[in-house]
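Visitor:
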Amino acid sequence: MTKRGYHHGNLRQALVEAALDLIAEKGPTGFTLSEAAKAADVTPAAVYRHFAGREDLLAEIARQGYEVFAALMDYAYDGGKPTPLAAFEATGRAYLAFARKYPGHYVAMFESGLNHADHPELGQVAQKARAVLDRAADGLTRNMPEARRPPATMVSAHAWAMSHGVVELFLRRSSGVQRPFDPDALLETGMGIYLRGLGILPPDS
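Next comes the structure, spelled out in structure tokens:
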């Protein structure tokens with residue numbers, strides 16, 4: 001692991017970066033705040049001026065991750081262009097892209113055991129990402145006949161769950177499951193089956 005120095009006023013972020021290295025090496029609960037301080041090349045006492053404990057440090061990493069995640073989802077959605085379907089599918093791909101590019105943040109967000117009730121700011125910023133999916137699902141379903149139109153929030157929840165499952169089982173392989181297919185292809189196929197079941201996509205000929 002590379003030691004990270006820091007500039008005055010930037011200790012908080014230096015600790016975040018050091019903790020991201022430790023998450024990659026040991027997992028979200030496999031290191032102590034003292035180890036994060038050592039990795040950032042500061043004294044343990046200096047850490048406690050910014051974080052009360054490891055959980056607070058993980059919460060800050062998760063918060064930053066959710067901010068990036070929401071921005072990436074919003075960029076992928078791009079206001080529903082070029083079509084509602086393309087925008088909806090793009091948000092699913094963005095989920096996988098985030099997990100690939102920001103694995104430490106992803107782990108802090110979803111695998112560290114943080115309780116959003118103890119960190120209300122996490123729930124607020126997580127909702128920003130969920131709101132993008134909700135908008136994408138609304139654009140996709142709004143022209144369906146009312147009698148068989150599911151709530152957009154339900155469709156977005158299904159998309160979130162499917163994307164998360166593909167990441168956990170087949171991209172990160174945290175469960176030890178062998179990867180049978182490319183994760184992106186697996187998600188695309190799964191979304192297609194789901195959307196055909198809703199009647200949004202026509203059946204295969």
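So for the sequence shown, full-length UniProt numbering puts the first residue at 1; every next one is plus one. Where a beta carbon is used, it is the ideal one built from N, C-alpha and C, also for glycine.
1. Express the C-alpha separation of P120 and V155 in angstroms, rounding to a whole number.
2. Report yes if the C-beta distance between residue 207 and A36 is below 8 Å; otherwise report no.
3. Express the C-alpha separation of R149 and G139 in angstroms, rounding to a whole number.
4. Give the secondary structure of A97 by DSSP, where H, G and I count as helix, E and B as strand, and everything else as coil.
5. Out of E60, F51 and L11, state which residue places its alpha-carbon closest to the alpha-carbon of D41.
6. Looking at the structure shown, is H164 part of a helix, part of a strand, or coil, going by DSSP?
7. Using only alpha-carbon positions, find the residue among R172, I200 and M191 that is nearest to G90.
8. With L58 as the anchor, note down where its alpha helix (DSSP H) starts and where it stops.
9. Taking contact to mean 3 or more Cβ pairs, one atom from each stretch, closer than 8 Å, check whether the segment 70-77 and the segment 87-101 are in contact.
10. Taking all protein chains shown into account, decide if R135 is buried (16 or more other Cβ within 10 angstroms of its Cβ) or exposed.
11. So, is M144 buried or exposed, given that buried needs 16 or more other C-beta atoms within 10 angstroms?
12. Give a yes or no on whether the C-beta atoms belonging to A137 and Y66 are separated by under 8 Å.
13. Would you say G50 and L15 are within 8 Å of each other, going by their C-beta atoms?
14. Among residues of its own chain, excluding the 5 on either side of S112, which ones have a beta-carbon nearer than 6 Å to its beta-carbon?
Guide: If we stick to the structure as given:
1. 25 Å
2. The requested residue 207 does not occur in the structure, where the chain is confined to residues 1 to 205.
3. 12 Å
4. helix
5. L11
6. helix
7. Note that residue 90 is Ala in the sequence shown here, rather than Gly. Considering only alpha carbons, the answer is M191.
8. R54 to Y77
9. yes
10. buried
11. exposed
12. no
13. The amino acid at residue 50 is misidentified as Gly; the sequence shows His. The answer is yes: Cβ separation under 8 Å.
14. P28 and L58
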